[in-house]
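K.L.:
In my numbering, the protein residues as written are 1 to 152. Have a look at this one.
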């Protein structure tokens, strides 16, 4: 059975969420960009817009985690500004993806597929961020450094 991994990134402006890849505004050198990730695996929502935070920092953390998982190591982190934990635990070619907000939601997925889909989205995110916000170059270089070490 083929897993279905859906990942989206949004920018939050006021109460609105805009698709990051369609967003036409700027960030005016903000230290962090408020927004949301949406992650659904096999129809199970793990992260949704209500869990918004600083998306550039969160993607940076996850990029480091994707490298660790690609090397067979476990990874966990908290969202930058919220008590939401993400855990990635590889075992026998599978990956247990767990997100704990009010309660834990966990899904098993093909490890290689998860790393591929997530790292492709993260590369697109940081490449676009670098193009529209020159002040984010350091964060982008750091995250892309991790992503580029993942064997494709």
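Virtual Cβ for every residue (Gly too), placed ideally from N, Cα, C. Keep in mind the model is a prediction, meaning the values are calculated, not measured.
1. Could you name the residues of the same chain whose beta carbon sits closer than 7 Å to that of residue 58, not counting the 5 residues immediately before and after it, in chain order?
2. What is the DSSP secondary structure of residue 140, counted as helix, strand or coil?
3. Are residue 7 and residue 102 touching if we call contact CB-CB under 8 Å?
4. Is it a yes or a no for the stretch 131-138 touching the stretch 112-121, going by three-plus beta-carbon pairs under 8 Å?
5. Mind reading off the beta-carbon distance from residue 98 to residue 106? Whole number of angstroms is fine, and I expect it under 8 Å.
6. Okay, do the stretch 67-75 and the stretch 50-57 touch, 3+ Cβ pairs below 8 Å being the bar?
P.N.:
In this structure, then:
1. 37, 79, 80
2. helix
3. no
4. no
5. 4 Å
6. no
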